[in-house]
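All residue numbers for the sequence shown refer to my numbering, where the first residue is 54 and numbers rise by one. We put the CB at the ideal spot given by N, CA and C, even for glycine. Model, not experiment: these values are computed from the prediction.
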Amino acid sequence: MSAGRKSEDLMEQGQPQAVSGRVFSIVIVDDTRPSTLLLKAALGESPNLSVTLFTDPLEAIAWVETHRPDLVITDYVMPDMDGIALARRIRALPHGSAVPIIMATARNEAAVRTLALSAGINEFLGKPVDGTELRARVQNMLHLREQHVQLQEANNRLQALNKMLALEIEQRKILEDELRRLATLDMLTGALTRRRFLELFDQELARRARTASPLCVLMIDLDHFKSINDRFGHGTGDLALSHFSAVCKSCLRSTDHLGRMGGEEFAALLPETNIEDAHVVAERMRRSIAAAKITLDDDQHLTVTVSIGVAECYGYQQPEAILAAADRALYQAKNSGRNRVVRAAPPGTF
């Protein structure tokens, strides 16, 4: 016989059945032992039911708290604690709100029913209890209990999935932020890529157009960089570039931007800085780089110098025009002997 056919046959016999096939836990509370046995017998024998009997309501409450049954059937009139007080105590438990409660009582007054409903009683049974009615009501309560359990399990699974999804989203965001950071930074020196530098340049120019604040650019180039590669190798050249970038950053504010424009040529963007202050920054940078020592593997030390061109934004110049002015000043510094700062003249001057 199939499981479905067996379940249908048992339901026809009036025996409570679990929809999922699991064993339901039922608690019966009555102050007399014979009454609890009669109620258990009225439920009938079923492999789907596990019935626990109590004559002491306090013991029943303690058991309900630790075992979390699927249904409680309680008498109303009991000497130490009546069924309504018992229901209130169960409902006060952390999981008590989900446990169905059936109260068996010979008192059918409206006031008693109202009081019982306010205490959380779900169903009533008249005394003496009719077995068929008992099984029907128990079957209904267990079916509702099973639906609640399945809904709770589905909700728990959904919450677990939501947590996993939130964690995955967070991890993906961290990865995307890291990829975005890597895409905007030069891997060797940690300076901004040329593309990112120019994006920020456009933003600063737009802000300058709104606020009329000054804006300056430094074009910075390592002196005799080719000779470093030729003499010590490209590994030392990379070390010199990384060291040079670190010193440059130490001379700039957090609001300034350092970018690698290509090879050994870098640019620094100085918002809200006029040409005089930018010249001071460039000189500080030049002196700091010249004074710093790069330690090589064989305990030798290498020093480098830089030439810097300084240009200020005038009017509505485009980034290319400002960078070109700073670049011309840089080449003047190179042609004048290197290791120096040259300030670009304003447009239209000679």
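Query raised in the report: Among residues of its own chain, excluding the 5 on either side of residue 153, which ones have a beta-carbon nearer than 6 Å to its beta-carbon?
Result: Around residue 153: 124, 175, 194 and 198.
Requested in this report: Please report the residue range of the alpha helix (DSSP H) in which residue 293 lies.
Outcome: Here the alpha helix (DSSP H) through residue 293 covers 287-303.
Query - C-alpha distance - residue 62 paired with residue 181, whole-angstrom precision - result: Only weak support exists for where residue 62 lies, its pLDDT of 40 falling under 50; the coordinates are left without a value.
Query raised in the report: Hey, how far is the Cα of residue 179 from the Cα of residue 224?
Result: Approximately 60 Å, taken between the alpha carbons.
Query raised in the report: Is the Cβ-Cβ distance between residue 276 and residue 358 less than 7 Å?
Result: Taking a C-beta distance under 7 Å as the contact criterion, residue 276 and residue 358 qualify as a contact pair.
Query raised in the report: Around the C-beta of residue 188, are 16 or more other C-beta atoms found within 10 angstroms, so that it is buried, or is it exposed?
Result: Residue environment for residue 188: buried (at least 16 other C-beta atoms within 10 angstroms of its C-beta).
Report task. Using only alpha-carbon positions, find the residue among 360, 241 and 192 that is nearest to residue 95. Result -> It is 192.
Query raised in the report: Helix, strand or coil: which one does DSSP assign to residue 194?
Result: In this structure, residue 194 counts as helix in the three-state DSSP scheme.
Query raised in the report: With a cut-off of 8 Å, do at least 3 Cβ pairs link the stretch 240-260 to the stretch 303-311?
Result: With the rule of 3 Cβ pairs closer than 8 Å, the stretch 240-260 counts as touching the stretch 303-311.
Query raised in the report: Of all the options 100, 372 and 79, which has the alpha carbon lying nearest to the alpha carbon of residue 106?
Result: Minimum Cα distance to residue 106 is reached at 79.
Query raised in the report: Can you give the Cα-Cα distance for residue 132 and residue 119, rounded to whole angstroms?
Result: When rounded, the distance between both Cα atoms is 24 Å.
Query - residue 424, enclosing alpha helix (DSSP H) - first and last residue - result: Since the first residue of the chain shown is 54 and the last is 403, residue 424 is not available in this structure.
Query - Per DSSP, the bridge partner or partners of residue 348 - result: 354.
Query raised in the report: With DSSP run on the structure shown, which of helix, strand or coil describes residue 80?
Result: If DSSP states are grouped into helix, strand and coil, residue 80 belongs with the strands.
Query raised in the report: Which residue from 201, 93 and 304 puts its Cα closest to that of residue 342?
Result: For residue 342, the nearest C-alpha among the options comes from 304.
**Report entry** Any 3 or more C-beta pairs closer than 8 Å across the stretch 204-221 and the stretch 263-272
**Finding:** Between the stretch 204-221 and the stretch 263-272, the count of Cβ pairs shorter than 8 Å is below three; the stretches do not touch.
**Report entry** Every unbroken alpha helix (DSSP H) inside the stretch 158-186 [4 residues or more]
**Finding:** Fully contained in the stretch 158-186 are the following alpha helix (DSSP H) runs of length 4 or more, in chain order: 163-172.
Query raised in the report: Does DSSP classify residue 389 as helix, strand or coil?
Result: Taken through DSSP and simplified to helix, strand or coil, residue 389 comes out as coil.
Query - Assigned exposure category for residue 354 - 16 Cβ within 10 Å defines buried - result: By the neighbour-count criterion, in which 16 or more other beta carbons inside 10 Å mark a residue as buried, residue 354 falls on the exposed side.
Query raised in the report: Cβ of residue 318 within 7 Å of Cβ of residue 274?
Result: Cβ distance < 7 Å, so residue 318 and residue 274 count as in contact.
**Report entry** Where residue 314 sits in the DSSP three-state scheme
**Finding:** Residue 314 falls in the strand class under three-state DSSP.
Query - Whole-angstrom distance between residue 320 and residue 298, CA atom to CA atom - result: If you take the alpha carbons of residue 298 and residue 320, they lie about 10 Å apart.
**Report entry** Cβ-based burial, residue 185 [other Cβ within 10 Å; buried from 16]
**Finding:** Residue 185 comes out exposed.
Query raised in the report: From residue 139 to residue 148, what distance separates their C-alpha atoms?
Result: The straight-line gap from Cα to Cα measures roughly 15 Å.
Report task. Could you name the residues of the same chain whose beta carbon sits closer than 8 Å to that of residue 117, not counting the 5 residues immediately before and after it, in chain order? Result -> Correct list, in chain order: 80, 125, 143, 146, 149 and 152.
**Report entry** Endpoints, the beta strand (DSSP E) within which residue 127 is located
**Finding:** Counted as a single uninterrupted DSSP element, the beta strand (DSSP E) harbouring residue 127 occupies residues 124-128.
Requested in this report: Kindly indicate which residue of 387, 214, 397 and 136 has the alpha-carbon position closest to the one of residue 157.
Outcome: Measuring C-alpha to C-alpha distances from residue 157 to each of 387, 214, 397 and 136 identifies 136 as the nearest.
Query raised in the report: Going straight from the alpha carbon of residue 67 to that of residue 115, what length do you get?
Result: Note that residue 67 has pLDDT 49, beneath the 50 cutoff, so the model's placement of it is unreliable and no number is given.
Query - Backbone secondary structure at residue 206 - three-state DSSP - result: Reduced to three states, the DSSP call for residue 206 is helix.
Report task. Answer with buried or exposed for residue 395, where buried requires no fewer than 16 other C-beta atoms within 10 angstroms of its C-beta. Result -> It counts as buried.
Report task. Report buried or exposed for residue 112, applying the criterion of at least 16 other Cβ atoms within 10 angstroms of its Cβ. Result -> Flag for residue 112 reads exposed.
Query - Length-filtered (4 minimum) alpha helix (DSSP H) runs lying within the stretch 241-276 - result: For the alpha helix (DSSP H) assignment, the uninterrupted runs of no fewer than 4 residues enclosed by the stretch 241-276 are, from N- to C-terminal side, 247-264.
**Report entry** residue 58, buried or exposed, once every other Cβ within 10 Å from all chains shown has been counted against 16
**Finding:** Annotation note: pLDDT 37 at residue 58 (below 50); position unreliable, no value reported.
Report task. Find out if the Cβ-Cβ distance for the pair residue 268, residue 252 is shorter than 7 Å. Result -> Contact flag unset, no.
Requested in this report: Return the first residue and the last residue of the beta strand (DSSP E) that residue 106 is part of.
Outcome: 102-107 is the extent of the beta strand (DSSP E) around residue 106.
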